[in-house]
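**Student:** Chains as they are written, first to last, in my numbering: chain A, 1 to 205; chain B, 206 to 410. Ideal Cβ positions, reconstructed from N, Cα and C, are used throughout, including at glycine.
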DNA sequence: ATTGCAATCTACTAATGAGTAATATATAAT
DNA sequence: ATTATATATTACTCATTAGTAGATTGCAAT
């Protein structure tokens, strides 16, 4: 027999509710940071957009910089997870690079990923910048590794991995600035077009 | 016989002095906007960096948004001039595209060009955004024209001009975020590497 | 001389927004 | 019952900063 639905919450449920609220706050903040920029967004506005008051944000997340830092961490974690997953895939280096870049695109046009691209390093404290840089470096390293593996197995033409990683990252980051999911070209199609175009450039000849 | 150097200035000299001061103000503002972001930079700070007071900025430039708008206009004018010049050059479409992109790089790592890339559209009033968009579109149009000319004369492989223009723009914009002129790789070398890498991708096969 | 204009300052205002203190309520634990 | 903890609020403080008013100085033209 099922337990009757009870209004009395278990510890686990409360934990989950808290986490859900935390995420809702972060998401609301990310959206507003992306739309208006970090400094132009007040925590009062973020709170108001969820129908709550500012101190509640402090209760769940701490100060404004921490809010941003959490958003960036989520975005970067997504990128890193995508890199890990792509690297574990079977296929040539180019195959796996294509998979990674496609997901890179999806993450970059998502709220937390956009945050990573749109926030300048300048917004954080020196401490925060250091942590952020380290996370970004991990993603860059993974990207380079994929390129190198492709060169080694002959699926990618001989290029400079470092420069190539930068140009690819730049090309993938740019859409965060202008692409709208609700525009004429749906995300899948846009990702395919951009990634195809880049892959053509990297194909052996 | 030469005129004696006189401390009494002609109208022209005064005009020039004014213009020089105006530019010095814009440059100082651009540098600080790039380093800390628009909203995190106060006009008091900009003024202080030149040893003057805030009202002087208002005397020369008007309000804060106008200061930014001027900076952006200068950067975009530089880009457009580079495009014009490249298009007037002789050589294949690819040759001219290479010339344009190389200069695009130099402009983008310069103070006013950086401003264009680092400032989100969000910072300006709706009016300003409209003007800015129009200027950006002109540059994008020129870039696409070069790509199309290259495809037509066979110096560039058949690609989608729109998508290619976006990926190129993204790849060229990215260095504004991380490249430092005083780092290990000098601007010329960095430009050459990046542009070469992109051109390889566009070469016919 | 006087009037006007350009450049610059000091000293304000008015608004905004980060962060906190004190408080209220509800639930959970003892 | 009582005490502690989590959630959320109102109502502040304090610092920052865009923008302005008004004064000052000096040069230039009449």
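(1) Where does residue 263 of chain B fall in DSSP's three states?
(2) Where do the N-terminal and C-terminal ends of the alpha helix (DSSP H) with residue 46 of chain A fall, by residue?
(3) Leaving out five residues on either side along the sequence, give the residues of the same chain with a beta carbon under 7 Å from the beta carbon of residue 21 of chain A.
(4) Which residue's Cα is closest to the Cα of residue 126 of chain A: B:231, B:282, B:241?
(5) In this structure, does DSSP put residue 181 of chain A in helix, strand or coil?
(6) Counting only beta-carbon separations shorter than 8 Å, does residue 122 of chain A have a partner in chain B?
(7) Hey, quick one: how far does the alpha helix (DSSP H) through residue 150 of chain A stretch, first residue to last?
(8) Mind checking if residue 109 of chain A is an interface residue toward chain B, Cβ cutoff 8 Å exclusive?
(9) Taking the alpha carbon of residue 361 of chain B as the point to measure from, which residue in A:83, A:77, A:74, A:197 has its own alpha carbon closest?
(10) Closer than 7 Å by C-beta to residue 123 of chain A: which residues in its own chain qualify, once you throw out the five before and the five after it? Chain order, please.
(11) Mind checking which residues open and close the alpha helix (DSSP H) that includes residue 369 of chain B?
(12) CA-CA distance, residue 128 of chain A and residue 333 of chain B?
(13) Counting only Cβ pairs nearer than 7 Å, list the residues of chain A close to residue 353 of chain B.
(14) Output the distance between the C-alpha atoms of residue 83 of chain A and residue 144 of chain A, rounded to the nearest integer angstrom.
(15) By Cβ distance below 7 Å, which residues in the same chain neighbour residue 117 of chain A in space, the five residues on each side in sequence not counted?
(16) Between residue 106 of chain A and residue 191 of chain A, which are expected to be in contact by the criterion C-beta below 8 Å, what is the C-beta distance as a whole number of angstroms?
(17) Helix, strand or coil for residue 403 of chain B? Go by DSSP, reduced to three states.
(18) Rounded to a whole number of angstroms, what is the C-alpha to C-alpha distance between residue 376 of chain B and residue 169 of chain A?
(19) Since residue 195 of chain A and residue 98 of chain A should fall inside the 8 Å C-beta cutoff, what is the C-beta to C-beta distance between them, to a whole number of angstroms?
(20) Counting C-beta neighbours from all protein chains within 10 Å, is the total for residue 370 of chain B 16 or more, i.e. buried, or is it exposed?
(21) At what residues does the alpha helix (DSSP H) containing residue 108 of chain A begin and finish?
(22) Between residue 278 of chain B and chain A, is the shortest Cβ-Cβ distance under 8 Å, so that the two count as touching?
(23) From residue 234 of chain B to residue 277 of chain B, what distance separates their C-alpha atoms?
(24) When burial is assigned at 16 or more other CB atoms within 10 Å of the CB, is residue 41 of chain A buried or exposed?
(25) What does the alpha-carbon distance come out to for the pair residue 141 of chain A and residue 86 of chain A?
(26) Closest to residue 33 of chain A by C-alpha separation, out of A:88, A:111, A:79, would be which residue?
(27) Find the residues of chain A that neighbour residue 376 of chain B, judging by a C-beta separation of less than 7 Å, and give them in chain order.
(28) Does the beta carbon of residue 66 of chain A sit closer than 8 Å to a beta carbon anywhere in chain B?
(29) For residue 200 of chain A, which residues in chain B fall below 8 Å Cβ to Cβ?
(30) Please identify the residue among B:229, B:281, B:275, B:405 whose C-alpha is closest to the C-alpha of residue 261 of chain B.
(31) Between the Cα of residue 138 of chain A and the Cα atoms of A:77, A:31, A:53, which residue gives the shortest distance?
**Tutor:** Reading from the atomic positions:
(1) Note: residue 263 of chain B maps to helix in three-state DSSP.
(2) Where residue 46 of chain A is concerned, the enclosing alpha helix (DSSP H) stretches over 43-49.
(3) Within the same chain, residue 21 of chain A has close Cβ partners 60.
(4) Taking only the C-alpha atoms, the option nearest residue 126 of chain A is B:241.
(5) Reduced to three states, the DSSP call for residue 181 of chain A is coil.
(6) Yes, its Cβ sits closer than 8 Å to a Cβ of chain B.
(7) Per DSSP, the unbroken alpha helix (DSSP H) holding residue 150 of chain A starts and ends at 126-152.
(8) False, the Cβ-Cβ gap to chain B never drops below 8 Å.
(9) Looking at the Cα atoms, A:197 is the closest of the given residues.
(10) Hits under 7 Å: 38, 68.
(11) Its alpha helix (DSSP H) spans residues 366-378.
(12) Distance from the CA atom of residue 128 of chain A to the CA atom of residue 333 of chain B, rounded to whole angstroms, is 33 Å.
(13) Ordered by position in chain A, no residue passes the 7 Å Cβ test against residue 353 of chain B, which lies about 15 Å from the chain.
(14) Between residue 83 of chain A and residue 144 of chain A, the C-alpha separation is close to 11 Å.
(15) Hits under 7 Å: 108, 173, 176.
(16) Between residue 191 of chain A and residue 106 of chain A the Cβ distance is about 6 Å, and since that is below 8 Å, they are a contact.
(17) Here residue 403 of chain B sits in helix by DSSP.
(18) Going by the C-alpha atoms only, they are around 7 Å apart.
(19) Between the beta-carbon of residue 195 of chain A and that of residue 98 of chain A there is about 6 Å, and that keeps the pair under the 8 Å contact cut.
(20) By the neighbour-count rule (16 or more Cβ atoms within 10 Å), residue 370 of chain B is buried.
(21) In the DSSP annotation of this structure, the continuous segment of the alpha helix (DSSP H) that includes residue 108 of chain A starts and ends at 93-108.
(22) Chain A contact via Cβ: absent.
(23) For residue 234 of chain B and residue 277 of chain B, the distance between alpha carbons rounds to 11 Å.
(24) When all chains shown are included, residue 41 of chain A counts as buried.
(25) One C-alpha to the other measures close to 13 Å.
(26) It is A:111 whose Cα lies nearest to the Cα of residue 33 of chain A.
(27) Correct list: 167, 170, 171.
(28) False, the Cβ-Cβ gap to chain B never drops below 8 Å.
(29) Taking the beta carbon of residue 200 of chain A as reference, the chain B residues within 8 Å of it are 362, 364, 406, listed in sequence order.
(30) Distances from the CA of residue 261 of chain B to each of B:229, B:281, B:275, B:405 were compared; the closest alpha carbon is that of B:229.
(31) Nearest option by C-alpha distance: A:77.
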